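Structure first, then comments.
Chains as they are written, first to last, in the numbering used here: chain A, 381 to 640; chain B, 381 to 640.
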């Protein structure tokens with residue numbers, strides 16, 4: 381398939397839609413149309429992808445090999461319903477969400493699946509999509525293989541997953557990305573209050589990140605919570621007095637680490 | 381000072397003592413003696429540093445420019461008391477702890493300070509010490525400048541700090557290192573339960589760390605807690621049922637992020 385140029389229509393010109401579109405075009409595929417209810421968003425993405433911008437689902441044409449629904453979780457069902465009404469029965473639709481079961485598409489499309497990029501995407505920051513793991517799933521085995529091959533044409537890592545596995549990955553991603561980032565924000569705030577630059581902590585951050593990749597992160601865990609150093613734990617909690625949210629975070633994570 | 385070879389005796393042959401000794405020797409300084417109550421530890425470090433191994437404080441000789449106490453927080457006071465009894469009044473001692481006030485040395489040494497490497501150190505994994513920020517502090521201004529210069533001879537980043545600032549950095553380091561690592565462990569466990577390789581999450585981890593360094597981490601925060609997506613938060617908590625520690629972590633961090 382890597383030699384084939386496929387036609388993938390994208391519904392949604394947000395972070396996922398735009399970055400997926402960019403990766404597909406770079407791999408030699410075509411994005412005939414990209415749709416956003418905000419026409420300026422569709423237009424900006426379309427200009428980049430060599431697509432036709434569309435602002436209404438009724439403007440979506442038949443004839444694409446795949447219709448990618450890169451819209452918010454809440455919108456997938458209603459967008460699928462409206463889109464299916466414009467397309468022939470054999471149209472193939474996949475959503476790009478980590479959190480929503482594939483089956484939300486089944487009332488509307490005979491051929492449906494999921495094409496979920498496991499990465500934090502932004503509009504401004506271009507990622508090397510070959511390094512972005514893609515999780516694929518389809519109701520039909522041939523369709524699943526087709527999505528797998530499409531994934532391989534833009535990424536080095538494609539993983540077939542079930543709904544349950546994808547939900548687990550989505551939850552794991554919250555810990556690895558959202559919560560890790562929140563820990564760094566806490567470090568940032570504490571340094572700032574002490575009138576010290578966060579840059580002092582960046583070598584530690586780098587080393588933390590390097591070490592955690594060498595095996596189960598648990599194996600390189602250190603610190604007062606692991607060694608149950610009550611004196612240090614209590615001193616840290618005193619330093620966090622007046623910051624109830626951060627104190628609660630400190631307590632909860634220390635308890636979790638205490639069980640390692 | 382960078383042309384001078386100084387004599388630094390090290391008490392403690394654990395991770396901090398050994399890695400500091402290695403950096404000092406690499407920078408051209410001498411470590412005449414290194415002491416550990418476990419002689420085999422002292423001997424292993426001494427062999428690497430070209431030092432004399434010592435297993436009792438009474439074996440420590442006078443004549444070094446600095447005595448570095450790289451021992452656990454609990455032990456600093458008693459080791460300082462015992463060591464001071466073996467040394468002339470003008471001996472200069474510094475501990476290497478992030479958590480202990482400098483003043484714990486004042487009953488025992490007229491000249492005292494702190495030489496705290498802000499990095500997670502291990503015996504096996506050699507770090508490039510030039511990239512390790514050193515936090516220095518001394519009771520006397522000339523001693524502080526001396527420690528600062530010593531720091532500059534082994535590291536690119538030396539920061540003069542107060543007790544309060546050092547305590548803040550130590551707490552910030554717990555968030556940046558210990559707690560971040562615990563978040564990665566949680567991601568690892570969740571992936572493992574779903575029979576998926578943690579490696580699927582490594583590109584996300586890499587991107588998280590890159591992004592967080594571009595400014596306040598808060599500025600790149602994403603996820604269900606930030607957008608107060610109650611439906612996803614509830615679904616994640618259901619997935620964590622039966623794991624009360626991890627559920628508590630999820631709740632506490634989501635509440636913290638909700639205040640961003």
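Where a beta carbon is used, it is the ideal one built from N, C-alpha and C, also for glycine. Model, not experiment: these values are computed from the prediction.
Residue i, DSSP secondary structure in three states
i: residue 488 of chain A; result: coil
i: residue 401 of chain A; result: helix
i: residue 614 of chain B; result: helix
i: residue 553 of chain A; result: helix
i: residue 539 of chain B; result: strand
i: residue 560 of chain B; result: helix
i: residue 622 of chain A; result: coil
i: residue 641 of chain A; result: An answer regarding residue 641 of chain A cannot be provided, because it is not within the stretch 381 to 640 covered by chain A.
i: residue 606 of chain A; result: coil
i: residue 638 of chain B; result: helix
i: residue 587 of chain B; result: helix
i: residue 469 of chain A; result: coil
i: residue 531 of chain B; result: helix
i: residue 673 of chain A; result: One cannot answer for residue 673 of chain A here, as it falls past the ends of chain A, which runs 381 to 640.
i: residue 632 of chain A; result: helix
i: residue 692 of chain B; result: Since the first residue of chain B shown is 381 and the last is 640, residue 692 of chain B is not available in this structure.
i: residue 600 of chain A; result: helix
i: residue 575 of chain B; result: coil
i: residue 595 of chain B; result: coil
i: residue 461 of chain A; result: helix
i: residue 627 of chain A; result: helix
i: residue 396 of chain A; result: helix
i: residue 499 of chain B; result: coil
i: residue 407 of chain A; result: coil
i: residue 384 of chain A; result: coil
Cβ neighbours of residue i in the same chain (closer than 7 Å, five flanking residues each side left out)
i: residue 429 of chain A; result: 401, 402, 405, 411, 414
i: residue 488 of chain B; result: 460, 461, 464
i: residue 438 of chain B; result: 466
i: residue 395 of chain A; result: 501, 502, 503
Under 8 Å between C-beta atoms of residue i and residue j
i: residue 574 of chain A; j: residue 633 of chain B; result: no
i: residue 503 of chain A; j: residue 535 of chain A; result: no
i: residue 636 of chain B; j: residue 629 of chain A; result: yes
i: residue 553 of chain B; j: residue 463 of chain B; result: no
i: residue 448 of chain B; j: residue 391 of chain B; result: yes
i: residue 434 of chain B; j: residue 442 of chain B; result: no
i: residue 473 of chain B; j: residue 543 of chain B; result: no
i: residue 583 of chain B; j: residue 590 of chain A; result: no
i: residue 524 of chain B; j: residue 478 of chain B; result: no
i: residue 530 of chain A; j: residue 541 of chain A; result: no
i: residue 539 of chain A; j: residue 580 of chain B; result: yes
i: residue 625 of chain A; j: residue 639 of chain B; result: yes
i: residue 598 of chain B; j: residue 623 of chain A; result: no
i: residue 495 of chain B; j: residue 527 of chain B; result: yes
i: residue 486 of chain A; j: residue 519 of chain A; result: yes
i: residue 560 of chain A; j: residue 588 of chain B; result: yes
i: residue 440 of chain B; j: residue 480 of chain B; result: no
i: residue 533 of chain A; j: residue 450 of chain A; result: no
i: residue 610 of chain A; j: residue 551 of chain B; result: no
i: residue 432 of chain A; j: residue 426 of chain A; result: yes
Contacts around residue i, its chain only, beta-carbon distance under 8 Å, and the 5 residues preceding and following it disregarded
i: residue 577 of chain A; result: 571
i: residue 557 of chain A; result: 500
i: residue 484 of chain A; result: 456, 457, 460, 475
i: residue 490 of chain B; result: 469, 470
i: residue 507 of chain B; result: 399, 499, 501
i: residue 604 of chain A; result: 612, 613, 616, 634
i: residue 621 of chain A; result: 627
i: residue 592 of chain B; result: 600
i: residue 608 of chain B; result: 638
Per DSSP, the bridge partner or partners of residue i
i: residue 517 of chain A; result: A:494
i: residue 475 of chain A; result: A:449, A:494
i: residue 391 of chain A; result: A:415, A:449
Interface flag, residue i vs chain D, CB-CB below 8 Å
i: residue 596 of chain B; result: The chain labelled as chain D is not found among the protein chains of the depicted structure, namely A and B.
Other residues of its chain near residue i: CB distance less than 6 Å, five sequence neighbours each side excluded
i: residue 386 of chain A; result: 409, 445
i: residue 397 of chain B; result: 390, 450
i: residue 537 of chain A; result: 513
Proximity test, residue i beta-carbon vs the ligand NAD heavy atom, cut-off 7 Å
i: residue 607 of chain A; result: No copy of the ligand NAD appears in this structure; indeed no ligand is present at all.
Could you pull out every unbroken beta strand (DSSP E) segment of at least 3 residues lying fully inside the stretch 409-459 of chain A, listed in chain order?
413-415, 432-434, 446-449
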